[in-house]
């Protein structure tokens, strides 16, 4: 199951309706308003019947329409009231969908062949547990493309930039979508220079890799050799899921502390023995004097 997120157009419309809907929910008979709540549930959680039911329940309990993130936060609060047969589906949603890293794909429309390649990449990542924000899936005629790019980059956990020779050139033009994304990304980089949010992947002539200036010297994943697509995807997925190829070992104990402790104990025992010997010697002197 894949969570077919609302497109940004629908999401924005839903945001504008929340205030009016909340007034209805507060003032209307529950039986009258329930169909509207259920409709909103199907919009927020398409293809997830259990989450739709929980959304409707939570809205009626809270007496307001909830956004997706709010519903997820309320699951622990109302977990005891969730029917047993619904719990596995809700757990599946939380573990596999809600907590999936959200990734925006930035690329240039070089050709139909390149668009098909990026679609293949997006599909591969999505099937491997990544929540992809992607223009070929998430925008439609009438969508605000600039808003899609702004929110997609801002609200995603990571941004994968597919760097081709044409992508590099288009980032220099302010009249292109790629150039607009460059301005958004540059703004975020200026606020947080050491961020790891932006991950370049390259599809360029082998041995002639060139990144846009605004990406500096960031490490990239090389996708230039199509025969190594699976290997490159594996490396990218490890990065997106936070699973390094070489895991850092846990920090062990300081090996010298034991030696220091033993030396301190030995010193204490020696000092104690010396004091005891002094006491014995003093007693012997007293006996001899007597």
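Numbering (UniProt numbering), first residue to last: 1 to 290.
Using N, Cα and C, we set each Cβ at its ideal position, and we do this for glycine too.
- According to DSSP, residue 222 shares a beta bridge with 202.
- Burial check for residue 87: the Cβ neighbour count within 10 Å stays below 16, so the residue is exposed.
- Taking 8 angstroms as the cut-off, the beta carbon of residue 198 is found closer than this to the beta carbon of residue 215.
- Note: residue 163 is bridge-paired with 202 in the DSSP secondary-structure output.
- Under the Cβ criterion (8 angstroms, minimum of three pairs), the segment 159 to 167 counts as touching the segment 200 to 211.
- When 192, 134, 40, 190 are compared, the shortest CA-CA separation from residue 151 is found for 134.
- Membership of residue 57 in the alpha helix (DSSP H) is indicated by the continuous run 49 to 62.
- For the pair residue 238 and residue 223, the CB atoms are not nearer than the 8 angstroms cut-off.
- Pairing residue 102 with residue 49, the inter-Cα distance amounts to about 22 angstroms.
- The continuous alpha helix (DSSP H) containing residue 153 extends over residues 145 to 155.
- For residue 102, the enclosing beta strand (DSSP E) starts and ends at 102 to 106.
- Rounded to whole angstroms, residue 106 and residue 32 show a C-alpha spacing of 44 angstroms.
- Of the candidates 267, 74, 51, the residue whose Cα lies closest to the Cα of residue 90 is 51.
- Taking all protein chains in view, the Cβ of residue 200 is crowded by 16 or more other Cβ atoms within 10 Å, so the residue is classified as buried.
- Here the alpha carbon of residue 187 sits roughly 27 angstroms from the alpha carbon of residue 142.
- When DSSP states are grouped into helix, strand and coil, residue 173 belongs to the coil group.
- Looking at the DSSP output, residue 132 sits in a beta bridge with 103.
- Checking the DSSP bridge columns, you'll see residue 158 partnered with 103.
- DSSP, read as helix, strand or coil, puts residue 98 in helix.
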